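Quick notes on the structure that follows.
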Amino acid sequence: MADAGRFEVKNFEGFVCLRIAEQRRRFWTPRLTLGLYGEADGSTRIEGVYGPSANVWSIFLYSYLLSGLVAMFSGFFGLAQWLVGEPRAWGLWIFGGALLVVVGLYVFAQIGQKLGARGMFELHLAYEKAVGEEVRLR
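Start counting the sequence shown at 195; every next residue gets the next number (our numbering).
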């Protein structure tokens with residue numbers, strides 16, 4: 195197979211993970227995770243998800259969680275400062291900074307998606323080649 199050195203396949207009980215080979219992998223490189231489900235008629239249903247590695251998911255998940263919590267609590271605190279008439283409602287400055295972090299994370303995620311588009315296309319072509327037919331994405 196000509197693609198033998200271009201991809202890595204990891205198989206586990208009930209699912210398979212197809213990744214770009216390590217020497218070509220970058221921080222934004224996606225992978226394809228395929229769930230394998232046995233059907234009553236003896237066939238196998240395959241459902242796949244294109245996405246980043248678990249480390250990248252974790253970084254974004256916890257960054258959104260932390261910045262969202264900081265934004266929420268500082269927003270409440272800043273609003274309370276403003277409502278009681280405090281001259282400097284510094285909680286609102288922290289709220290604004292946390293919102294900027296959230297927007298920055300979103301922009302960074304969009305850039306990562308654009309950078310990973312080629313890798314996603316390569317993974318999809320490799321999957322179609324493996325199953326021997328064209329597969330529509332939903």
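C-beta atoms are modelled at their ideal positions from N, C-alpha and C, and glycine is treated no differently. Just so it is clear, the structure is predicted and the values come from calculations on it, not from any experiment.
| request: Over the uninterrupted beta strand (DSSP E) stretch that includes Phe206, give me the two end residues. | output: Phe201 to Phe206
| task | Can you give me the Cβ contacts of Ala234 inside the same chain, cut-off strictly under 8 Å, excluding the 5 residues immediately before and after it? | result | none
| What are the start and end residues of the beta strand (DSSP E) that includes Glu241? | Thr238 to Gly245
| task | Can you have a look at Leu263 and say buried or exposed, based on whether 16 or more other CB atoms are within 10 angstroms of its CB? | result | exposed
| How would you label Ala248, buried or exposed, when you count the other beta carbons within 10 angstroms and need 16 or more for buried? | exposed
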